[in-house]
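The next block holds one structure in the form of structure tokens; read it before the comments.
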Amino acid sequence: MLSKKILKALNEQITKELYSSYLYLQMAAWFDHNTLPGFANWMKVQAQEETAHAMIFYNYVSERGGLIDLGAIDKPTSGYKTAKDIFAKTCEHESLVTSSINNIMSLAIEEKDYATKARLDWFISEQVEEEANAAELLGKITRIGEEGNAIFMLDKDLATRVFVTPAPLMPGA
Ligand code: FEO
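Just so we're aligned: the sequence shown equals residues 132 to 304 in the numbering used here.
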């Protein structure tokens, strides 16, 4: 049985993950509008990943007998000016998500809820990857700039990203 505090935090995290999905979809739209379909693809895959993260939390709450309580999803930030601006915001956003997951982890440890801790372990590693991916792309864009051939080469590369179902959502996981 999940404690009230942990159930509330997990439910809020579901909404935060769905907001992340919404945010990355908005970012994808900017890239589609600015003729960078590979970047748009990368962001759409990112949006799918975030929905998958929400579902991992959803399944976990449900398995522990908790009632899912979905919150309102805010309008995502928009009005982006450049690709660099978008990836800087992506880095900021992922760092907020990491803090949020770390806070739930602290709560789970405090309450000796080891099952929740075990589920969060996956997210702790995932966040290292999420932050590293966003930082790497921000670094690349900063180096190559937004005009010229290099950005189109990177766009081509990002067009190859495909969604892979995260391990906790695989059958039998
Ligand atoms: Fe669900 Fe990008 O963290």
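By construction, the Cβ of each residue, glycine as well, lies at the ideal position given by its N, Cα and C atoms.
Classification of serine 230 by the beta-carbon crowding that lies within 10 angstroms, buried from 16 upward: Position 99 of the sequence shown, counted from the start, is the residue given in the question as residue 230. Serine 230 is exposed by the Cβ-count criterion.
Which same chain residues end up closer than 8 Å to leucine 271 when comparing Cβ atoms and leaving out the 5 residues on each side of it in sequence? To locate residue 271, count along the sequence shown from 1; it is residue 140. At residue 271 the sequence reads lysine, which differs from the leucine that was named. Here the set comprises Leu285.
Using a threshold of 8 Å, state whether the C-beta atoms of glutamate 148 and glutamate 194 are closer than that. The residue you call residue 148 lines up with position 17 of the sequence shown. The residue you call residue 194 lines up with position 63 of the sequence shown. Not in contact: glutamate 148 and glutamate 194 (Cβ atoms no closer than 8 Å).
Cβ of alanine 140 within 8 Å of Cβ of leucine 238? Here residue 140 refers to the residue found at position 9 when the sequence shown is read from its first residue. Here residue 238 refers to the residue found at position 107 when the sequence shown is read from its first residue. Taking 8 Å as the Cβ cut-off, alanine 140 and leucine 238 qualify as a contacting pair.
Is it buried or exposed for tyrosine 245, if we count other Cβ within 10 angstroms and need 16 for buried? As a working note, residue 245 is residue 114 in the sequence shown. When all chains shown are included, tyrosine 245 counts as exposed.
Just the C-alpha distance for tyrosine 153 and histidine 224, rounded to the nearest angstrom, thanks. For the purposes of this step, residue 153 is identified with residue 22 of the sequence shown, where counting begins at 1. For the purposes of this step, residue 224 is identified with residue 93 of the sequence shown, where counting begins at 1. Those two C-alpha atoms are separated by around 12 Å.
Any non-hydrogen atom of the ligand FEO closer than 7 Å to histidine 184 Cβ: Position 53 of the sequence shown, counted from the start, is the residue given in the question as residue 184. Yes, Cβ of histidine 184 sits closer than 7 Å to a heavy atom of the ligand FEO.
Same chain only: Cβ atoms within 6 Å of proline 207, ignoring 5 sequence neighbours per side: On the sequence shown, position 76 is the one that residue 207 refers to. Tyr153, Leu154 and Gln157, listed in sequence order.
Within 10 angstroms of the Cβ of serine 151, are there 16 or more other Cβ atoms? Answer buried if so, exposed if not. For this step, residue 151 is matched to residue 20 along the sequence shown. Looking at its Cβ environment, which holds 16 or more other Cβ atoms inside 10 Å, serine 151 is buried.
Is it the case that the Cβ atoms of leucine 227 and isoleucine 145 are separated by a distance below 8 Å? By one-based count along the sequence shown, residue 227 stands at place 96. By one-based count along the sequence shown, residue 145 stands at place 14. No.
Sorry if obvious, but does the Cβ on valine 259 come closer than 7 Å to a heavy atom of the ligand FEO? In the sequence shown, the residue the question calls residue 259 occupies position 128. Checking every heavy atom of the ligand FEO against the Cβ of valine 259, none is found closer than 7 Å.
Through-space distance from glycine 303 to proline 297, alpha-carbon basis: Your numbering for residue 297 matches position 166 in the sequence shown. Your numbering for residue 303 matches position 172 in the sequence shown. Approximately 12 Å, taken between the alpha carbons.
If you measure between the beta carbons of methionine 132 and glycine 196, is that distance less than 8 Å? Looking up residue 132 in the sequence shown gives position 1. Looking up residue 196 in the sequence shown gives position 65. Yes. Within cutoff.
Does the Cβ of serine 209 lie closer than 7 Å to at least one heavy atom of the ligand FEO? As a working mapping, residue 209 is identified with position 78 in the sequence shown. It does not: the Cβ of serine 209 is nowhere closer than 7 Å to a heavy atom of the ligand FEO.
For a test of your reading of the model: does the CB of valine 228 fall under 7 Å from any non-hydrogen atom of the ligand FEO? Yes or no. Taking the first residue of the sequence shown as 1, we reach residue 228 at position 97. The answer is yes for valine 228.
Looking only at its own chain, which residues have a Cβ that is under 8 Å from the Cβ of threonine 213, when we skip the five neighbours before and after it? Position 82 of the sequence shown holds residue 213. Scanning its chain for C-beta atoms nearer than 8 Å, with the 5 sequence neighbours on each side dropped, one finds around threonine 213 the residues Glu277, in chain order.
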